[in-house]
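Numbering (my numbering), first residue to last: 6 to 248.
First comes the structure, then the notes that go with it.
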Amino acid sequence: MDIELLVNGLSKEKLNTFEDKLGCKTNEDKIATYMFMQDLSSHYFTIIQIIEVHLRNAIHKAATNKFDDDEWFTNVPTSQKSKNQVDKAIEDSLENVGVKYTSDDVIANLSFGFWVHMLHEDYGNPRKKEKNLWQYKFDDAFPYAKNKGKKRAALFRELGTLNKFRNRLYHHEPVWKQVKVNNINDAIKVLDNHYDKHIQFLSYMSKDAVTLIETLGLANKFKQSCKKENLEAYKAKLAALNE
């Protein structure tokens, strides 16, 4: 295996991050650590998808009931960005399904950012009755949030954090990279903490979904993958190839 070709393929700039932030000295260590962190990051795709599907379905059901209209998204959104996202979702539905598209098709095509903004204070303002969703339907969409002492504003902040993480992940950025990270233990802790935050948010909507993840061992697989000994095994395998 030609390490230099791998370095060029992955880019020296990307790999140098592992030297600057995590202290990796050799190209072999940089590549091993890169692959280790990529493996940890890959565990997020399932939990993010489960959150996204639960979130959009919960909000869609609550909004449909509150506004007595399964196409509420054509009238309720307050920001221009949200309105543009609805227009784009309708265009995508027309392209993918045709003129017989349903509200469910549009809901499926709306971006995650749209659902994040649906928790904005604009949709919980008693003075805006035509937009006021959360004063009446918060418990329907998030039945376990209040038991954890969480209200709409707190969920909006938490979901915003998850959205930023999601965007970095989907754009192939190093999601472990933060100012406070100075070694591999710090980097692992960042990912471990974020996984817990995702589980926590899911628990506001569905205890059953959390139980599903735990029963299938997905959370445990992630925790086991976080063990530093897995990184050492990666390093040993790369070193063996170059002996």
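Think of the CB as a built atom: it goes at the ideal place given N, C-alpha and C, for glycine as much as any other residue.
From a predicted model like this one, the values you see are computed outputs, not experimental measurements.
Exercise. What is the DSSP secondary structure of D1, reduced to helix, strand or coil?
Worked result: Look at the range of the chain in this structure, 6 to 248, and you will see that residue 1 is not part of it.
For this session: Could you pull the start and end residues of the alpha helix (DSSP H) that E237 belongs to?
Result: 233-246
Exercise. Is S84 buried or exposed, if buried means 16 or more other CB atoms sit within 10 Å of its CB?
Worked result: Burial is judged here by how many other beta carbons sit within 10 angstroms of a residue's own beta carbon; S84 has fewer than 16 and is exposed.
For this session: In angstroms with no decimal places, state the Cα-to-Cα distance between D201 and S87.
Result: 29 Å
For this session: Tell me whether the beta-carbon of F161 lies closer than 7 Å to the beta-carbon of H48.
Result: no
For this session: Would you mind working out which of N188, D97, L207 sits nearest K155, comparing C-alpha positions?
Result: L207
For this session: Tell me whether F227 sits in a helix, a strand or coil according to DSSP, three-state version.
Result: helix
Exercise. DSSP on Q183, reduced to helix/strand/coil?
Worked result: coil
Problem set entry | Sequence ranges, alpha helix (DSSP H) only - wholly within the stretch 90-159, length at least 4 | 108-114, 117-122, 139-146
Exercise. V251 to F50, Cα distance in whole Å?
Worked result: Only positions 6 to 248 of the chain appear in the structure, and residue 251 is not among them; the question remains open.
Exercise. Mind checking K142: buried by the 16 CB within 10 Å criterion, or exposed?
Worked result: buried
For this session: Identify, in the order they occur along the chain, each residue of the same chain with its Cβ nearer than 7 Å to the Cβ of D34, setting aside the five sequence neighbours on each side.
Result: K240
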